[in-house]
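Enquirer: Heads up, the numbering used here is the position in the sequence shown plus 617, with the first residue counted as 1.
Where is the CB? At the ideal position from N, CA and C, for every residue including glycine.
If you scroll down you'll find the structure; I have some questions about it.
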Amino acid sequence: MMRRYHRRMAGSIAGLLAVAMTGAGHAQPADMPVPVAASAPAEPDAIALYGDKTPGSTAGENWSLYFGRDYNVRNVTRPTLTPVLPDPARATGAAVIVAPGGAFMGLSMSHEGWQVAHALADRGIAAFVLKYRLLPTPPDEAAAGAYIWQKLLAGLPDPDKMPTLTDPAATEDGLAAIALVRARATQWGVDPARIGMIGFSAGAMTALATVQAAKPGQGPAFFGYIYGPQAHIDVPAAAPPMFDAIALDDPLFPHRGFPIAEAWLAAKRPVEIHGYQKGSHGFGLGVPGTTTTLVLDEFIAWLGMQGFLARKVAP
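Here it is, written out as structure tokens:
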């Protein structure tokens, strides 16, 4: 069953689980692929998120590859931020913190992290990949798969409500990432007033939680909410503009309309909705042959419409 989703689900723990849920009930499918353990890739530009006070260690991280090419990491206890900067000649001055997904128990670093950051930088937007802290999982890949499956199912008790599966440490790291980019804005050629986030699945929930937890002036100026749960929430009074995108055939978050976007509208805050006909869960920068391949271009066009790409910052 899973082979036909090779391109679609590459690198996404949540995406693989979601596709399997379409026909597997509550049992973990026997043919669900087990990622291959891998050595940690070099991350020469990664910055310890809290400097010398950054908790944890990289020694306990578990890196793996899906389909031989897409890196995932589990058991992150030492959060980092990796800058991917645009050519200064093309830089817009805008910045986006990229939060990969993975059910708060893994991070799809290639599929929803580095690839997204490089695509943003190619379009003149400074990007920063956030490797945020995760909930612990068994070190063994097979054991971790079964554990994540059960935790994910338990954390989605009601499709009409937000998942109960959360990670407060990820929210703390989201706030710290914004503060770090703002503090080094001059160094990185970034306008402090135009620092936003984009998150995928659990990363979308992390971006949303960052918005909800931020004190005035400390949150993102905008955020992309890519295949996050669509349940209603209480919208902060000064909530930033939201770009909400999901596939209408998403099996992890079945279609219930767009209550979260409707809440933004009711609060009279800017919001744009994209409901793609096909794409399932975990489509990243898009599934070939579907309109999900437009998601990043639409996000950037929306940023321009909001005025976030209008001014450049002098090098």
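Applying the criterion that 16 or more other CB atoms from any shown protein chain within 10 Å of the CB defines a buried residue, is K748 buried or exposed?
Expert: Counting from 1 along the sequence shown, the entry for residue 748 is found at position 131. Buried.
Enquirer: Can you list, in chain order, the residues of its chain whose CB lies under 6 Å from that of P756, leaving out five sequence neighbours each side?
Expert: Taking the first residue of the sequence shown as position 1, residue 756 is located at position 139. Contacts found: N679.
Enquirer: Is H728 helix, strand or coil by DSSP?
Expert: By 1-based counting over the sequence shown, the position of residue 728 is 111. It is helical.
Enquirer: Can you name the residues that DSSP bridges to T697?
Expert: As a working note, residue 697 is residue 80 in the sequence shown. Partner(s): A665 and K748.
Enquirer: Would you call S656 buried or exposed, if buried means 16 or more other Cβ atoms sit within 10 Å of its Cβ?
Expert: In the sequence shown, residue 656 corresponds to position 39, counting from 1. Its Cβ having fewer than 16 others within 10 Å, S656 is exposed.
Enquirer: Evaluate S727 with the Cβ neighbour count: other Cβ atoms within 10 Å of its Cβ, from every protein chain shown; 16 or more gives buried, anything less gives exposed.
Expert: Working through the sequence shown from its first residue, we reach residue 727 at position 110. Looking at its Cβ environment, which holds 16 or more other Cβ atoms inside 10 Å, S727 is buried.
Enquirer: Mapping the DSSP letters down to three states, classify G924 as helix, strand or coil.
Expert: The residue given as residue 924 occupies position 307 in the sequence shown. Correct three-state label for G924: coil.
Enquirer: For the beta strand (DSSP E) that I812 lies in, which residues bound it at each end?
Expert: Numbered from 1 along the sequence shown, position 195 holds the residue referred to as residue 812. First-last of the beta strand (DSSP E) with I812: I812 to F817.
Enquirer: If you run the structure through DSSP and keep just helix, strand and coil, what is I850?
Expert: Walking along the sequence shown from the start, residue 850 turns up at place 233. Three-state DSSP puts I850 in coil, outside helix and strand.
Enquirer: Skipping 5 residues on each side, what residues in its chain have a beta carbon closer than 6 Å to that of L926?
Expert: The residue you call residue 926 lines up with position 309 of the sequence shown. Once the five neighbours on either side are set aside, the close Cβ partners of L926 are T709, A711 and L920.
Enquirer: Comparing alpha-carbon positions, which option in F860, D777, F870 and P871 lies nearest I850?
Expert: Numbered from 1 along the sequence shown, position 233 holds the residue referred to as residue 850. Out of F860, D777, F870 and P871, D777 has the C-alpha closest to the C-alpha of I850.
Enquirer: Does the structure place the stretch 756–773 close enough to the stretch 807–827 that three or more beta carbon pairs sit under 8 Å?
Expert: The answer is no - the stretch 756–773 does not touch the stretch 807–827, with fewer than three Cβ pairs under 8 Å.
Enquirer: If you measure from the beta carbon of G813 to each beta carbon in chain D, is any gap under 9 Å?
Expert: No chain D appears in this structure, which consists of one protein chain only.
Enquirer: When you compare only the Cα positions, how much space is there between G816 and A659?
Expert: Residue numbering aside, residue 816 sits at position 199 when the sequence shown is read from its first letter. Residue numbering aside, residue 659 sits at position 42 when the sequence shown is read from its first letter. G816 and A659: Cα-Cα distance of roughly 23 Å.
Enquirer: Considering only C-alpha positions, which residue in the set F684, N692 and D669 is nearest to A676?
Expert: Within the sequence shown, numbered from 1, the residue matching residue 676 stands at position 59. Per the Cα distances, N692.
Enquirer: With DSSP as the reference, label A918 as helix, strand or coil.
Expert: In the sequence shown, the residue the question calls residue 918 occupies position 301. Three-state DSSP puts A918 in a helix.
Enquirer: List the whole-angstrom C-beta distance separating A720 from L769, where the pair is believed to meet the contact cut-off of C-beta under 8 Å.
Expert: For the purposes of this step, residue 720 is taken as the residue at position 103 of the sequence shown. For the purposes of this step, residue 769 is taken as the residue at position 152 of the sequence shown. A720 to L769, Cβ: 5 Å. Contact.
Enquirer: Taking C-alpha atoms, which residue in A848, F839, A854 and L752 lies nearest to N874?
Expert: Here residue 874 refers to the residue found at position 257 when the sequence shown is read from its first residue. What sits at residue 874 in the sequence shown is Gly, not Asn. It is A848.
Enquirer: Report the three-state DSSP secondary structure of I843 (helix, strand or coil).
Expert: For the purposes of this step, residue 843 is taken as residue 226 along the sequence shown, with counting starting at 1. Here I843 carries a strand assignment [DSSP, helix/strand/coil].
Enquirer: With respect to the alpha helix (DSSP H) encompassing R691, which residues constitute its N-terminal and C-terminal limits?
Expert: One-based indexing of the sequence shown puts residue 691 at position 74. Run containing R691: none in the alpha helix (DSSP H); it sits in the beta strand (DSSP E), D687 to R691.
Enquirer: Taking Cβ positions, are P717 and P696 nearer each other than 9 Å?
Expert: Sequence index remark: in the sequence shown, residue 717 carries index 100 (1-based). Sequence index remark: in the sequence shown, residue 696 carries index 79 (1-based). A distance of 9 Å or more separates the beta carbons of P717 and P696.
Enquirer: Name the DSSP bridge partner or partners of F870?
Expert: What you label residue 870 is simply residue 253 of the sequence shown in a count that begins at 1. F870 pairs with nothing; no bridge assigned.
Enquirer: Where does G640 fall in DSSP's three states?
Expert: Taking the sequence shown and counting its residues from 1, one reaches residue 640 at position 23. For G640, the pLDDT reaches just 47, beneath the cut-off of 50, and the residue's location in the model is therefore unreliable, although a value from the coordinates is still provided. In this structure, G640 counts as helix in the three-state DSSP scheme.
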